[in-house]
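**Q** Before anything else, here's the structure in question.
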Amino acid sequence: MITYTKNDWFPAIWHFHRSPTAFSLYRRLIWIGLYVIGVTFLELWMVDLRLKDTPTEFLSTMGILLSLLLLFRTNTAYDRFYEGRRAWGTLVNNSRNLAAYLNAVLPSDRTDDRLFFTKMIANFAFSLENHLRNDEKTAGLEPAGDGELSELTHFDHVPNGVVAQLQLRTEKLYREGVFTDAHLINLNTMLLVFLDVAGICERIKSTPIPFSYSFFIKVFILMYIFVLPFLIIDEYGYLTIPAVVAVSYILVGIEIIGEEIQNPFGTEHNNLPLSQIAHTIRLNVHELMQYYIPHEEKQAAKSNFAIVT
Amino acid sequence: MITYTKNDWFPAIWHFHRSPTAFSLYRRLIWIGLYVIGVTFLELWMVDLRLKDTPTEFLSTMGILLSLLLLFRTNTAYDRFYEGRRAWGTLVNNSRNLAAYLNAVLPSDRTDDRLFFTKMIANFAFSLENHLRNDEKTAGLEPAGDGELSELTHFDHVPNGVVAQLQLRTEKLYREGVFTDAHLINLNTMLLVFLDVAGICERIKSTPIPFSYSFFIKVFILMYIFVLPFLIIDEYGYLTIPAVVAVSYILVGIEIIGEEIQNPFGTEHNNLPLSQIAHTIRLNVHELMQYYIPHEEKQAAKSNFAIVT
Amino acid sequence: MITYTKNDWFPAIWHFHRSPTAFSLYRRLIWIGLYVIGVTFLELWMVDLRLKDTPTEFLSTMGILLSLLLLFRTNTAYDRFYEGRRAWGTLVNNSRNLAAYLNAVLPSDRTDDRLFFTKMIANFAFSLENHLRNDEKTAGLEPAGDGELSELTHFDHVPNGVVAQLQLRTEKLYREGVFTDAHLINLNTMLLVFLDVAGICERIKSTPIPFSYSFFIKVFILMYIFVLPFLIIDEYGYLTIPAVVAVSYILVGIEIIGEEIQNPFGTEHNNLPLSQIAHTIRLNVHELMQYYIPHEEKQAAKSNFAIVT
Amino acid sequence: MITYTKNDWFPAIWHFHRSPTAFSLYRRLIWIGLYVIGVTFLELWMVDLRLKDTPTEFLSTMGILLSLLLLFRTNTAYDRFYEGRRAWGTLVNNSRNLAAYLNAVLPSDRTDDRLFFTKMIANFAFSLENHLRNDEKTAGLEPAGDGELSELTHFDHVPNGVVAQLQLRTEKLYREGVFTDAHLINLNTMLLVFLDVAGICERIKSTPIPFSYSFFIKVFILMYIFVLPFLIIDEYGYLTIPAVVAVSYILVGIEIIGEEIQNPFGTEHNNLPLSQIAHTIRLNVHELMQYYIPHEEKQAAKSNFAIVT
Amino acid sequence: MITYTKNDWFPAIWHFHRSPTAFSLYRRLIWIGLYVIGVTFLELWMVDLRLKDTPTEFLSTMGILLSLLLLFRTNTAYDRFYEGRRAWGTLVNNSRNLAAYLNAVLPSDRTDDRLFFTKMIANFAFSLENHLRNDEKTAGLEPAGDGELSELTHFDHVPNGVVAQLQLRTEKLYREGVFTDAHLINLNTMLLVFLDVAGICERIKSTPIPFSYSFFIKVFILMYIFVLPFLIIDEYGYLTIPAVVAVSYILVGIEIIGEEIQNPFGTEHNNLPLSQIAHTIRLNVHELMQYYIPHEEKQAAKSNFAIVT
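Protein chains in written order, with the numbering used here: chain C, 1 to 309; chain P, 1001 to 1309; chain B, 2001 to 2309; chain Z, 3001 to 3309; chain X, 4001 to 4309.
Listed below in structure tokens is the structure:
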């Protein structure tokens, strides 16, 4: 994830063009460039196709429809991105609320249970990150007592496992009388949020924009770029080449950014800083439950967020 | 449901044109093609209609209005698709949360009840799939004790029946003292979600975009395509034929995709993978309630999701 | 309410033009037709107004602004329609959930109370329909014990009365110990939904789009149609008449559909099938509470929904 | 607040032009008229500025951007209007639900308390109306026992005061054992809604669209109208004057309606009928709590709603 | 934060151009001005580039796409602004509700606890303001008993600390029997809101619009402005300079306002009046808990809100 400051347009431009998105853009632009160079020389040196005095108004109506579809594409991609961000934000809020609540309710002599919850709340965020990024199952997780971590490895779906253990411990404390009825009811609202967040993220990851739309926009862009040189060559001459490439840069660029943004859980430049958010959760939960956290952890929660390079 | 990868434009194009949506598109394009061929030859060989030097700017304003209506169509169709997906996502989250909760609350010696809930939570998803797709009532459902499954067949609305049985069992356990007041209150939030999801899906299925809008857009497209050849024939000549067919391909295509997408519970290419989601729920619930699930089930939850061809 | 199938364009077109909306459209188109015929003959036979070589680009900018306002109109009208549909969907979900819950909680020997709730839950939907359509107060309601129905007639606002009786009976059963604290808390979430739905529907019905916007769009359409013939007559000649009528058909049509759709509780073609939804609720509640329901009722819940005629 | 019927275009047009919004529109149109008359005569009789054969396409792109900004303006203003309406709708629903609940829970011999709640629930709506319209603090409020009304006058924020008294009485009845734990928990969901509604209305009132946007749209409109006569004078001649005034009428009109609509709590024509909604609440609460309400009150809740003049 | 009145266009224009946003606008406009002056003189006096008779329709299609992207930019920026405002509105509502509730529940002899909550609820708003604006940690906070304030300084995340203390005190009072089960359950809904609001604000602050979009729009604007003078110079001559600068003023202006608005927690003109809202909360909470508040505090909550200068 990269943030930028208001006045750095040129570093931003430079930086953008080194990203993987940019490279897949270049690849397409090269093909389009070759095509338009071919068409231009064919027209100007050899055949004289009739189409060249076509009215461009006709093209403009199609261009507007294409623009509206690209707006639709951009809106849906951004909605996904933002829904994913909101889900992780909810996870942060919920983790903090749960930690503040448990800190007040769990007596200070229940050190085992206090440690268990401190570690487990943060572990959920890490396990969800691993799950969404197909990382190693228990990367970043911390042990929260004797054996809980190894038990988690039996789960195919580790976030489910973390919640299962949270629920088990909560019920155990309720049976022992540490939690009263009112405590249990209050805790429930918080314990349900974890898997809601996990489910939302999985949904965003597994459901792209319907194939037909995505495909249609691509075909439409191809058709538009295919026809474009014939329509402007008469008036632009050799300038047709840069003009078509520039238009293609914009149209293909919007489509490619849309595809990158719509799954915000990857590790590309535009994606969400899941790892850093997970560290923030760990930091906050430790602070709220009054556990010491080493300085490196604090750094992990802060760094690589607002860095533009 | 088909997902696609960033760089596979050509397989995607090929694949799209073999879908049922594509065939109903071809049928319309053939009629439009015949019409435009007729008009073109009539104009160029016989009568010389006056309309041909009409200003296309006029057409362009109507084209923009039509584009905006198609955007409206696309947005509403997509909203339905996404609302359906979100409802099934909520079902997944809720099933997991309920399983994690019951696993903690139900004592391990209550094997009957544990099995009942394990099977019944997953059965809800399957019964909803059958209900939405008008499949056989109990296809995919698993017995959850003695006779519960056969009782369900008495229900016209099987998802209702599943929830009725979940509520009955919950109340029974509350009466027996297994569930306390706090447990019952906590369970309530989860038990209500099932029928909410069912109702949302039924609503999406039974309420299309208002007839007048849907109709209006169709008439508008017809009028636009009807007038188009007269306006461009003078400048395009025989190229009128491909030009009109290309424009029709785009306009009719957007409308047809809209109709396909707006009911996301069918079994066409763009529709939601209900069956696979139901298997995921079964898999998750079994894992959380610590029941063994055969390997084939695991495959059913994973497969045919990210397959493009 | 009419649904349509993908391939029936021509029946749809025929059907649309027999609706009340269509007739109020015809009336306006006739006036516009007379106006444009007058202008055309005046121009071509008598005076030669200067305006005719005006640049249509200027018209096109105003046309785009008008198109955007019509999109705004369409979006807000559709949002109301859909919000109304969603409210009734919530009513269905809530009625089912309440019936499933009460079926589990009310002992089977409490036949009076079981019957009371079965009838009353369905009565709410019917009373809301009557309220929204200004029908006779108790049309469609069924007696739910001795005298409850006649008591309802004392209420100016019958849906309020139904909820008042549901709350009274709930409280009575709580006092008698049939409902425990936990039951009462769980029931509360469901009992509050009824009047929320009623309030949402009343709000949609009583609050149209602000008068100024609605008016402004009308004036804008009138101005556009008024100016249009002068701008195109030079190039279109007698074809001005069909051209202006066609454009008017589209602009006035979108505005009229917007007005029809924005109050979805009437009995016009595009409106919501309130009566059928109410019957569905009655059917579902009876099934869930295990009461026999006659075959005609089942038909009422199914019929006239997907019929196109 | 004015509603209108489908077919009354001309009364609507007449009525609109007598509203305060219209007069501030006239004032601006007169200035614009003077400006464009000046420009026209200067051009046609004296200097011959070069700009007149400018391509209007350039203007059209800026016109589209301006149109989109006006759409943005319209959408945000309407969202505020509708959010305000929704908040008051929630207030109606909540007041009814609370009354229906208290009617069931409060024993019939608790006449004092029943009267207190009956009066106080309705008083909240009136106090909120006064607060939003800066009316006299206790206008429309009814005494709800001995001294409660005079106590309210000590509050700077009367709606806060009403809720404070509702909470105090609720707590008192809980201490006396009239309300059980379950009652108190159920009541809480309803008692919190009052101040949520108040806060939403205050937020809408105090937070206009950000100054920069509002300003930018104004400057853009001014620039557009300033440049317009130079671009069309060559082709329109003296018709430039009505053309520019007509365009200004539309652009300035949309902006002015936006400003009027975005604060829906005033007393202008388009604003919400707060007073009538408050009377409806009083009427409903009395009916539900079985208190007699005089006929004039019933009229106040019905009248001046659907009146167009 | 600045509000404005309907008729003050000219003070608004004057005021806008003295804001920091305006200055960063000027800086860009100067560069653009130099560029366009250079191009104009080069064209008219020296070289005669071929591009000048290019059809501007082509530019118009790109202009529409750019306009739509700017609309997208504006919408997302405004959504952030409004989401931030809504979060603080929720904080106001919640603080009031909590104060009204505690006032009723806490016995009047519990002066210590009453004072603690009075101070701490308001302190949350101030600590959140400091946190979002990176101000001094405890600026504006008031002591709420012995030592609580100094304890807060140990927290890295002070809002978390405030909630931790609120939860601790609540739990303590529950243990002492001042709060019953029902009280505790009711309080929970309110106590969770604080950190939800904090999390929403942090999310808005730390997640700008994805870098690629933001960058793309900038590049697109640059390309558009770069090409523009070549396209219009033939017809505009020296008027090209003001025309291009005017267009740049609008395009760059919209982009810059978007960047300013999207983080609404700064101290610029358009940002939210956090400090004043926090004072309003303090005022309201004191009034509801019946604590005296000095007159200066009342002024702080009212002033500098509706001031335009």
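By construction, the Cβ of each residue, glycine as well, lies at the ideal position given by its N, Cα and C atoms.
For X:V4247, go through chain Z and note every residue whose CB falls closer than 8 Å to its CB, in chain order.
**A** Here residue 4247 of chain X refers to the residue found at position 247 of the fifth sequence. Per Cβ cutoff of 8 Å: M3062.
**Q** Any idea what DSSP makes of X:L4152, helix, strand or coil?
**A** On the fifth sequence, position 152 is the one that residue 4152 of chain X refers to. Three-state DSSP puts X:L4152 in a helix.
**Q** Report yes if the CB atom of X:F4179 is closer than 8 Å to the CB atom of X:L4187, and no otherwise.
**A** The residue labelled residue 4179 of chain X in the question sits at position 179 within the fifth sequence. The residue labelled residue 4187 of chain X in the question sits at position 187 within the fifth sequence. It is a contact, given that the beta carbons lie within the stated cut-off.
**Q** If the criterion is Cβ atoms closer than 8 Å, does the pair B:H2131 and B:P2107 meet it?
**A** Stepping through the third sequence from its first residue, residue 2131 of chain B is reached at position 131. Stepping through the third sequence from its first residue, residue 2107 of chain B is reached at position 107. Cβ atoms of B:H2131 and B:P2107: not closer than 8 Å.
**Q** One question on the structure: do P:E1129 and P:A1246 come within less than 8 Å of each other, judged by their Cβ atoms?
**A** Taking the second sequence and counting its residues from 1, the one referred to as residue 1129 of chain P is at position 129. Taking the second sequence and counting its residues from 1, the one referred to as residue 1246 of chain P is at position 246. The answer is no: Cβ separation not under 8 Å.
**Q** Apart from the five residues on each side of it in sequence, which residues of its chain come closer than 6 Å, Cβ to Cβ, to B:G2161?
**A** For the purposes of this step, residue 2161 of chain B is taken as residue 161 along the third sequence, with counting starting at 1. If we look at B:G2161 and ignore the five residues flanking it on each side, its Cβ neighbours are L2152, F2155.
**Q** Quick one: list the residues of chain X neighbouring C:E260, beta-carbon separation under 8 Å, in chain order.
**A** Your numbering for residue 260 of chain C matches position 260 in the first sequence. Chain X residues near C:E260: S4212.
**Q** How long is the line joining the alpha carbons of P:I1204 and B:V2092, rounded to whole angstroms?
**A** By one-based count along the second sequence, residue 1204 of chain P stands at place 204. By one-based count along the third sequence, residue 2092 of chain B stands at place 92. Roughly 13 Å separates the two Cα atoms.
**Q** For a cutoff of 8 Å on Cβ pairs, would you count C:V310 as touching chain X?
**A** Chain C is shown from 1 up to 309; residue 310 of chain C falls before or after that span and cannot be answered.
**Q** Determine the contact status of X:K4298 and X:L4274, defining contact as a CB-CB distance below 8 Å.
**A** To locate residue 4298 of chain X, count along the fifth sequence from 1; it is residue 298. To locate residue 4274 of chain X, count along the fifth sequence from 1; it is residue 274. For X:K4298 and X:L4274, no; Cβs fall outside 8 Å.
**Q** Take C:I254 as the anchor and find which of C:A300, C:A139, C:S214 has the nearest alpha-carbon.
**A** Looking up residue 254 of chain C in the first sequence gives position 254. Among C:A300, C:A139, C:S214, the Cα nearest to that of C:I254 belongs to C:S214.
**Q** Suppose you measure from the CA of X:I4032 to the CA of P:Y1249; what does that come to, to the nearest Å?
**A** Taking the fifth sequence and counting its residues from 1, the one referred to as residue 4032 of chain X is at position 32. Taking the second sequence and counting its residues from 1, the one referred to as residue 1249 of chain P is at position 249. Cα to Cα, X:I4032 sits roughly 42 Å from P:Y1249.
**Q** Let me check understanding here. Comparing Cα to Cα, which of C:G199, C:F226, C:L239, C:Q290 lies closest to C:R86?
**A** Along the first sequence, one-based indexing puts residue 86 of chain C at 86. Residue C:G199 is the option with its Cα nearest to C:R86.
**Q** List, from N- to C-terminal side, the alpha helix (DSSP H) runs of 4 residues or more that fit wholly inside the segment 3190–3270 of chain Z.
**A** With a minimum length of 4 residues, the continuous alpha helix (DSSP H) runs that stay inside the segment 3190–3270 of chain Z are 3211–3236, 3240–3261.
**Q** Rounded to the nearest angstrom, what separates C:E148 and C:Q165 at their Cα positions?
**A** To locate residue 148 of chain C, count along the first sequence from 1; it is residue 148. To locate residue 165 of chain C, count along the first sequence from 1; it is residue 165. The alpha-carbon atoms of C:E148 and C:Q165 are separated by roughly 8 Å.
**Q** Is B:G2033 helix, strand or coil by DSSP?
**A** Looking up residue 2033 of chain B in the third sequence gives position 33. Correct three-state label for B:G2033: helix.
**Q** Can you list, in chain order, the residues of its chain whose CB lies under 7 Å from that of P:R1114, leaving out five sequence neighbours each side?
**A** Working through the second sequence from its first residue, we reach residue 1114 of chain P at position 114. Closer than 7 Å at Cβ, skipping near neighbours: L1106, M1289.
**Q** Helix, strand or coil, according to DSSP, for Z:M3310 in the structure here?
**A** Nothing about residue 3310 of chain Z can be read from this structure; chain Z reaches only from 3001 to 3309.
**Q** Would a check of beta-carbon distances place P:G1253 closer than 8 Å to chain C?
**A** As a first step, residue 1253 of chain P must be located in the second sequence, where it is residue number 253. With 8 Å as the cut-off, P:G1253 counts as an interface residue toward chain C.
**Q** Could you pull the start and end residues of the alpha helix (DSSP H) that Z:G3161 belongs to?
**A** Residue mapping note: residue 3161 of chain Z aligns to position 161 of the fourth sequence, counting from 1. Z:G3161 -> alpha helix (DSSP H) spans 3158–3175.
**Q** Leaving out five residues before and five after Z:K3218 in sequence, what residues of the same chain have Cβ atoms less than 8 Å from its Cβ?
**A** Within the fourth sequence, residue 3218 of chain Z is the residue found at index 218, counting from 1. Answer for Z:K3218: E3255, listed in chain order.
**Q** Chain C partners of P:T1180, CB-CB under 9 Å?
**A** By 1-based counting over the second sequence, the position of residue 1180 of chain P is 180. Per Cβ cutoff of 9 Å: Y174, D181, L184.
**Q** Could you check how far apart the C-beta atoms of P:S1206 and B:E2260 are, in whole angstroms? I think they sit under 8 Å.
**A** In the second sequence, counting from the first residue as 1, residue 1206 of chain P sits at position 206. In the third sequence, counting from the first residue as 1, residue 2260 of chain B sits at position 260. Contact flag wrong, Cβ pair sits at about 20 Å.
**Q** Can you tell me whether P:R1096 is buried or exposed? The criterion is at least 16 other CB atoms within 10 Å of its CB, across all chains shown.
**A** Position 96 of the second sequence, counted from the start, is the residue given in the question as residue 1096 of chain P. Buried, because 16 or more other Cβ atoms sit within 10 Å of the Cβ of P:R1096.
**Q** Does the segment 2135–2144 of chain B come into contact with the segment 2117–2126 of chain B, if we say contact requires no fewer than three beta-carbon pairs (one atom in each stretch) closer than 8 Å?
**A** Yes: at least three Cβ pairs fall under 8 Å.
**Q** Using a cut-off of 7 Å between C-beta atoms, extract the partners of C:R85 located in chain X.
**A** As a working note, residue 85 of chain C is residue 85 in the first sequence. What C:R85 touches in chain X: R4203, T4207.
**Q** Determine, using beta carbons only, whether Z:M3289 comes closer than 8 Å to chain X.
**A** As a position in the fourth sequence, residue 3289 of chain Z is number 289, starting the count at 1. No - not a single Cβ of chain X is within 8 Å of the one on Z:M3289.
**Q** Under 8 Å, Cβ to Cβ, is there at least one residue of chain X near Z:F3081?
**A** The residue you call residue 3081 of chain Z lines up with position 81 of the fourth sequence. Chain X, which has no Cβ nearer than 8 Å to the Cβ of Z:F3081, makes this no.
**Q** Indicate the three-state DSSP secondary structure (helix, strand or coil) for B:V2178 in the structure shown.
**A** Counted from its first residue, the third sequence places residue 2178 of chain B at position 178. Three-state DSSP puts B:V2178 in coil, outside helix and strand.
**Q** Which stretch, first to last residue, makes up the alpha helix (DSSP H) that contains B:E2287?
**A** In the third sequence, counting from the first residue as 1, residue 2287 of chain B sits at position 287. First-last of the alpha helix (DSSP H) with B:E2287: 2274–2288.
**Q** How is B:P2020 classed by DSSP in three states: helix, strand or coil?
**A** Translated into positions along the third sequence, residue 2020 of chain B becomes position 20. Three-state result, B:P2020: helix.
**Q** For the candidate residues P:G1084, P:W1045, P:A1243, whose alpha-carbon lies nearest to that of P:Y1225?
**A** Counting from 1 along the second sequence, the entry for residue 1225 of chain P is found at position 225. According to the sequence provided, residue 1225 of chain P is Ile. The question's Tyr does not apply to it. Of the listed residues, the one whose Cα sits closest to P:I1225 is P:A1243.
**Q** For X:M4046, count neighbouring C-beta atoms within 10 Å of its own C-beta (all shown protein chains included) and say buried if the count is 16 or more, exposed if not.
**A** The count along the fifth sequence starts at 1 and reaches residue 4046 of chain X at position 46. Under this definition X:M4046 is an exposed residue.
**Q** Using a Cβ cut-off of 8 Å, which residues of the segment 3097–3111 of chain Z contact any Cβ in chain B, in chain order?
**A** Residues N3097, A3100, Y3101, N3103, A3104, V3105.
**Q** Just the C-alpha distance for X:G4088 and P:A1301, rounded to the nearest angstrom, thanks.
**A** Taking the fifth sequence and counting its residues from 1, the one referred to as residue 4088 of chain X is at position 88. Taking the second sequence and counting its residues from 1, the one referred to as residue 1301 of chain P is at position 301. The identity of residue 4088 of chain X in the sequence shown is Trp, whereas the question assumes Gly. Using only the alpha carbons, I get a separation of about 43 Å.
**Q** Can you check whether the CB of X:F4220 is closer than 8 Å to the CB of X:L4066?
**A** Within the fifth sequence, numbered from 1, the residue matching residue 4066 of chain X stands at position 66. Within the fifth sequence, numbered from 1, the residue matching residue 4220 of chain X stands at position 220. Yes, these two residues count as a Cβ contact at 8 Å.
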